[in-house]
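Participant:
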Amino acid sequence: MDVHASLTDAVGNTPLVRLNRVTGGALAPVYVKLEYVNPGGSVKDRIALSMVEAAEKAGLLLPGGTIVEGTSGNTGVGLAMVAAQRGYGCVFTIPEKSSAEKVAVLRAYGAEVIVCPSDVPREDPRHVRSVAARVAAETPGGWLANQYDNPDNPRAHYRTTGPEIWRQTDGRISHLVSGIGTGGTITGTGEYLKEVSGGRVTVVGADPEASVYSGGDGGPYAVESIGHARHPLTLQDTWPTSYHPEVVDRFERNSDRDSLLTARRLAREEGLLVGGSAGTAVAAAVRVAAGLGPDDLVVVLLPDSGRNYLSKVFDDDWMRQLGLPVDEDSPRSGHAEGLPAKVPDEPSREAGGRA
Ligand code: PMP
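Per the numbering used here, the sequence shown starts with residue 340, numbered consecutively.
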């Protein structure tokens with residue numbers, strides 16, 4: 340039988356799929372790695388499993404214990420999935436700018452969720468990471484996963500994501516493009532690919548233009564889970580040790596507009612329903628590919644699904660509030676001739692939906 344004895348055995352080995360329509364005629368093929376195919380729905384299943392297994396081995400997480408983490412959502416889902424399977428409790432602190440869908444999913448897995456203000460300096464006791472550390476210390480049997488500074492985060496990618504890409508491309512990958520949140524993905528995957536290729540693979544960091552990682556001022560931006568913002572009152576800004584900046588050969592920086600419109604195009608033109616950070620990565624990869632030839636091969640990591648952002652990136656009103664256009668990326672405006680520019684609302688369905 341072709342079966343898995345455990346759900347966690349189904350983590351990883353995600354597909355690599357060629358982009359066909361959004362690459363603007365680049366000669367170099369661009370392949371996307373579909374991390375939303377993981378059983379918890381994101382790339383973070385990989386590190387959840389690796390961090391929990393290492394903590395169990397080290398005796399830091401004991402039977403009946405409680406997993407605690409400050410997370411923008413996906414790491415929480417991965418941890419909640421592993422916790423449900425192994426009988427641990429879990430508590431997550433989450434910044435309020437995270438989407439409502441992510442909070443609802445965590446609660447559906449049985450986790451306790453504490454929503455913390457997004458707009459406070461790192462030193463503030465209400466900051467996501469301060470609250471997580473406090474809850475872990477005060478909970479008997481509590482273990483703080485601490486993806487930001489846990490070596491088992493990049494290690495998961497060094498052991499799984501990197502080797503998968505090398506094998507799937509038959510060693511032909513020339514460029515890896517990834518966003519940087521905790522930095523675990525780009526660090527572990529990038530370090531493996533550089534090592535195995537004898538330094539031939541170029542690692543490109545796809546970063547929001549305000550992010551301090553690539554030299555921005557740390558001001559706010561709308562794309563979730565990547566980049567590094569810096570609150571104006573933060574005194575001592577520290578970067579996660581899961582991120583090894585020297586792994587990045589160059590950055591490609593994107594505005595919210597480029598990232599979010601690219602995410603919407605991926606759904607409509609490639610059938611890939613992915614989140615805003617995937618939009619940042621693909622927008623960067625398309626620019627990288629434009630300067631390459633047919634013997635190069637670009638791999639882009641797509642961290643999670645657009646289903647996490649139906650009330651944000653894929654909500655026209657939310658996009659308009661950011662001052663972003665919603666019509667020019669519609670298939671009706673360009674690709675499908677003969678259709679009216681706008682399909683009128685159906686009043687009966689609208690009324691029914693609200694009742
Ligand atoms: N995109 C999404 C949607 C994520 O959840 C994360 C992880 N926070 C990232 C990108 C960045 O990955 P990493 O933390 O490994 O840098």
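Where is the CB? At the ideal position from N, CA and C, for every residue including glycine.
Going by DSSP in three states, THR405 sits in which element: helix, strand or coil?
Facilitator: What you label residue 405 is simply residue 66 of the sequence shown in a count that begins at 1. Strand, per DSSP.
Participant: Let's test the definition: count the other Cβ atoms within 10 Å of the Cβ of SER672 and tell me whether it reaches 16, buried, or not, exposed.
Facilitator: Here the question's residue 672 lines up with position 333 in the sequence shown. With a pLDDT of only 45 at SER672, under the threshold of 50, the placement of this residue in the model should not be trusted; the figure read from the coordinates follows. Taking all protein chains shown into account, SER672 has fewer than 16 neighbouring C-beta atoms within 10 Å of its C-beta and is therefore exposed.
Participant: By a C-beta neighbour count over all protein chains shown, 10 Å radius and 16 as the cutoff for buried, is LEU515 buried or exposed?
Facilitator: Locating residue 515 in the sequence shown gives position 176, counting from the first residue. LEU515 is buried by the Cβ-count criterion.
Participant: Near THR601, what residues of its chain come up, given a Cβ to Cβ distance below 6 Å and the 5 sequence neighbours on each side ignored?
Facilitator: One-based indexing of the sequence shown puts residue 601 at position 262. For THR601, where only same-chain residues beyond five positions count, the Cβ hits under 6 Å are GLY618, VAL621, ALA622.
Participant: Mind the definition here: the segment 581–590 touches the segment 501–510 only if three or more C-beta pairs lie below 8 Å; say whether that holds.
Facilitator: no
Participant: Decide if VAL342 is buried, meaning its Cβ has at least 16 other Cβ atoms within 10 Å, or exposed.
Facilitator: In the sequence shown, the residue the question calls residue 342 occupies position 3. Exposed, by the Cβ-count rule.
Participant: Pop quiz: GLY645 and LEU612 are said to be a contact at Cβ under 8 Å. What is the actual Cβ separation, rounded to whole angstroms?
Facilitator: The residue given as residue 645 occupies position 306 in the sequence shown. The residue given as residue 612 occupies position 273 in the sequence shown. GLY645 to LEU612, Cβ: 4 Å. Contact.
Participant: Would you say the beta carbon of GLU563 comes nearer than 7 Å to a heavy atom of the ligand PMP?
Facilitator: On the sequence shown, residue 563 is found 224 positions in, with the first residue counted as 1. Yes, since a heavy atom of the ligand PMP falls inside the 7 Å radius drawn around the Cβ of GLU563.
Participant: For TYR370, tell me which candidate among THR353, ARG385, ILE386, GLU477 has the shortest Cα-Cα distance.
Facilitator: Numbered from 1 along the sequence shown, position 31 holds the residue referred to as residue 370. When only C-alpha atoms are compared, the closest one is THR353.
Participant: For ASP643, verify whether its CB is less than 7 Å away from any heavy atom of the ligand PMP.
Facilitator: Taking the sequence shown and counting its residues from 1, the one referred to as residue 643 is at position 304. Answer for ASP643: yes, Cβ within range of the ligand PMP.
Participant: Do TYR552 and ILE512 have their CB atoms nearer than 8 Å?
Facilitator: Stepping through the sequence shown from its first residue, residue 552 is reached at position 213. Stepping through the sequence shown from its first residue, residue 512 is reached at position 173. It is not a contact, given that the beta carbons lie outside the stated cut-off.
Participant: Spatial neighbours of PRO579 within its chain, please: C-beta separation below 7 Å, excluding the five flanking residues on both sides.
Facilitator: Within the sequence shown, residue 579 is the residue found at index 240, counting from 1. So the list reads TYR487, ASP488, THR521, GLY522, once near-sequence residues are dropped.
Participant: Taking DSSP's pairing of strands, which residues face SER644 in a bridge?
Facilitator: What you label residue 644 is simply residue 305 of the sequence shown in a count that begins at 1. Per DSSP, VAL613.
Participant: With 16 as the cutoff for other CB atoms within 10 Å, does GLY662 come out buried or exposed?
Facilitator: One-based indexing of the sequence shown puts residue 662 at position 323. Counting Cβ neighbours within 10 Å, GLY662 comes out exposed, since fewer than 16 surround it.
Participant: For ASN489, is the beta carbon positioned less than 7 Å from some heavy atom of the ligand PMP?
Facilitator: Within the sequence shown, residue 489 is the residue found at index 150, counting from 1. Not under cutoff, so the answer is no.
Participant: For MET390, which option in SER517, ALA422, MET340 has the closest C-alpha, if you only look at C-alpha atoms?
Facilitator: The residue labelled residue 390 in the question sits at position 51 within the sequence shown. Residue ALA422 is the option with its Cα nearest to MET390.
Participant: Within 10 Å of its beta-carbon, does ALA549 have 16 or more other beta-carbons around it, so buried, or fewer, so exposed?
Facilitator: As a first step, residue 549 must be located in the sequence shown, where it is residue number 210. It counts as buried.
Participant: By DSSP, does SER594 sit in helix, in strand, or in coil?
Facilitator: Position 255 of the sequence shown holds residue 594. Three-state result, SER594: coil.
Participant: Which same chain residues, not among the five before or five after HIS567, have their C-beta less than 6 Å away from its C-beta?
Facilitator: Residue mapping note: residue 567 aligns to position 228 of the sequence shown, counting from 1. SER550, VAL551, TYR552, listed in sequence order.
Participant: Report whether the distance from the Cβ of GLY522 to the nearest heavy atom of the ligand PMP is below 7 Å.
Facilitator: Position 183 of the sequence shown, counting from 1, holds the residue named residue 522. Yes, the ligand PMP has a heavy atom inside 7 Å of this Cβ.
Participant: Could you name each continuous alpha helix (DSSP H) segment of 4 residues or more that falls completely within the segment 527–592, going from the start of the chain to the end?
Facilitator: none
Participant: From GLY351 to PHE653, what distance separates their C-alpha atoms?
Facilitator: Locating residue 351 in the sequence shown gives position 12, where the first residue counts as 1. Locating residue 653 in the sequence shown gives position 314, where the first residue counts as 1. Using only the alpha carbons, I get a separation of about 27 Å.
Participant: Is SER345 near the ligand PMP, going by C-beta to nearest heavy atom under 7 Å?
Facilitator: Locating residue 345 in the sequence shown gives position 6, where the first residue counts as 1. No, Cβ of SER345 sits at least 7 Å from all heavy atoms of the ligand PMP.
Participant: Starting from THR508, trace the beta strand (DSSP E) in both directions and tell me its first and last residue.
Facilitator: Locating residue 508 in the sequence shown gives position 169, counting from the first residue. Careful: THR508 lies outside any beta strand (DSSP E) and carries neither H nor E.
Participant: Could you have a look at THR521 and say whether DSSP puts it in helix, strand or coil?
Facilitator: If you number the sequence shown from 1, residue 521 lands on position 182. Here THR521 sits in coil by DSSP.
Participant: Shortest alpha-carbon distance to GLY544 belongs to which of ASP556, ASP634, GLY558, THR526?
Facilitator: Position 205 of the sequence shown, counted from the start, is the residue given in the question as residue 544. Checking every option, the nearest Cα to that of GLY544 belongs to THR526.
Participant: Given this structure, state the Cα-to-Cα distance separating GLU395 from THR432, to the nearest angstrom.
Facilitator: Residue numbering aside, residue 395 sits at position 56 when the sequence shown is read from its first letter. Residue numbering aside, residue 432 sits at position 93 when the sequence shown is read from its first letter. Their backbone Cα atoms lie some 22 Å apart in a straight line.
Participant: Considering GLU451, what are the terminal residues of the beta strand (DSSP E) in which it resides?
Facilitator: Here residue 451 corresponds to residue number 112 of the sequence shown, with the count starting at 1. 451–455 is the span of the beta strand (DSSP E), which, as asked, contains GLU451.
Participant: Does the beta carbon of THR414 fall short of 7 Å from some heavy atom of the ligand PMP?
Facilitator: Taking the sequence shown and counting its residues from 1, one reaches residue 414 at position 75. Yes.
Participant: Classify SER650: buried if its beta carbon has 16 or more other beta carbons within 10 angstroms, exposed otherwise.
Facilitator: In the sequence shown, counting from the first residue as 1, residue 650 sits at position 311. That one is exposed.
Participant: With a 10 Å radius around its C-beta and 16 neighbouring C-beta atoms as the bar for buried, classify ARG357 as buried or exposed.
Facilitator: Here residue 357 corresponds to residue number 18 of the sequence shown, with the count starting at 1. Exposed, because fewer than 16 other Cβ atoms sit within 10 Å of the Cβ of ARG357.
Participant: Under 8 Å, with one C-beta from each stretch per pair, do the segment 429–444 and the segment 535–543 reach the 3-pair mark?
Facilitator: As far as the Cβ criterion goes, the segment 429–444 does not touch the segment 535–543, which means the pair count is below three.
Participant: Considering only heavy atoms of the ligand PMP, does any lie closer than 7 Å to the CB of ILE519?
Facilitator: To locate residue 519, count along the sequence shown from 1; it is residue 180. Yes - the ligand PMP has a heavy atom lying nearer than 7 Å to the Cβ of ILE519.
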